[in-house]
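**Student:** Questions regarding the structure given below will be posed in turn.
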Amino acid sequence: MKKPTFENIMSYFLKNFFQGLLIIGPIGLTVFVIWYIVTSIDNIVPSISKEAPGIVFISLLLSTALLGYLGNKFVVGRFFVDAIDRILEKTPGIKHIYSPTKDVMSSFVGDTKKFNDPVWVKTNENPEIWRIGFLTQKEMADVGKDNFVAVYLPHSYAISGWVIVTEEKNIKPVVGMTAASAMKFAVSGGVAGFHSDDNIFKAPE
167 MKKPTFENIM SYFLKNFFQG LLIIGPIGLT VFVIWYIVTS IDNIVPSISK
217 EAPGIVFISL LLSTALLGYL GNKFVVGRFF VDAIDRILEK TPGIKHIYSP
267 TKDVMSSFVG DTKKFNDPVW VKTNENPEIW RIGFLTQKEM ADVGKDNFVA
317 VYLPHSYAIS GWVIVTEEKN IKPVVGMTAA SAMKFAVSGG VAGFHSDDNI
367 FKAPE
């Protein structure tokens, strides 16, 4: 039997060490982000958070859910929400913060979310290159761009992205992938599978 060398031992150790990082890294980062959010919200009312950690965070979650329920299910609640919305959208200075924030948030959540139409976009003819994006405007005739569409292209490993305006012939619907899977595929740099929730990336043997 061949005696293991120092190099073999270190190679085996590093292999398992990096495999461990692949396991503990995402878990640790997730726990850290959740803990940071909870503690940051708790510190809004430090006197309460010192006595009962997590109460402020839970209270905010329940209050937000209750506000959403009242605003959607009751006429009076809807009236007040719409009234506040109109006031904020017409207040000088404030409207430049409120309106864009509202538009961005409503694009991701709620009944009017926009990123639910994944498409393939041809971004180069020779060689032929396609990118995955989300159709946000199906026609641009109002700005003098007949037969053009607007597509949002998310960046990988980031929460940012950019918008392109391209001819309608340069896009085609994504088949066999939900909007959530398409976003996961794009943001992960293509390593997240889109036929299932399995990850395409495998650790080296």
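Mapping of the sequence shown onto our numbering: position 164 corresponds to residue 330, and the numbering continues sequentially without gaps.
Don't be surprised by glycine CBs; every beta carbon is placed ideally from N, CA and C.
Keep in mind the model is a prediction, meaning the values are calculated, not measured.
1. From which residue to which residue does the alpha helix (DSSP H) around residue 196 run?
2. Relative to the C-alpha of residue 352, which residue among 335, 328 and 333 is closest?
3. So what does DSSP say about residue 302, is it helix, strand or coil?
4. Have a look at the DSSP bridge pairing and note the partners of residue 288.
5. Are residue 300 and residue 306 touching if we call contact CB-CB under 7 Å?
6. Going by beta-carbon coordinates alone, are residue 350 and residue 286 separated by less than 7 Å?
7. Under DSSP, the beta strand (DSSP E) around residue 337 begins and ends at which residues?
8. Indicate whether residue 222 and residue 284 have their beta-carbon atoms separated by less than 7 Å.
9. Between which residues of its own chain and residue 219 is the CB-CB distance below 7 Å, once the five residues before and five after are set aside?
10. So what does DSSP say about residue 211, is it helix, strand or coil?
11. Kindly indicate which residue of 331, 288 and 326 has the alpha-carbon position closest to the one of residue 312.
12. Quick check on this structure: which residue in 281, 334 and 302 has the alpha carbon closest to the alpha carbon of residue 347?
13. Going straight from the alpha carbon of residue 169 to that of residue 185, what length do you get?
**Tutor:** In short, the structure shows the following:
1. Annotation: the continuous alpha helix (DSSP H) that includes residue 196 extends over 172 to 208.
2. That would be 328, whose Cα lies nearest to the Cα of residue 352.
3. For residue 302, the secondary structure class from DSSP, reduced to helix, strand or coil, is strand.
4. Residue 288 pairs with 296.
5. In this structure, residue 300 lies away from residue 306, with their beta-carbon atoms at least 7 Å apart.
6. Cβ atoms of residue 350 and residue 286: not closer than 7 Å.
7. Run containing residue 337: 337 to 339, per the beta strand (DSSP E) assignment.
8. No, they are not a contact pair.
9. Once the five neighbours on either side are set aside, the close Cβ partners of residue 219 are 208.
10. Three-state result, residue 211: coil.
11. Minimum Cα distance to residue 312 is reached at 331.
12. Considering only alpha carbons, the answer is 281.
13. Residue 169 and residue 185: Cα-Cα distance of roughly 25 Å.
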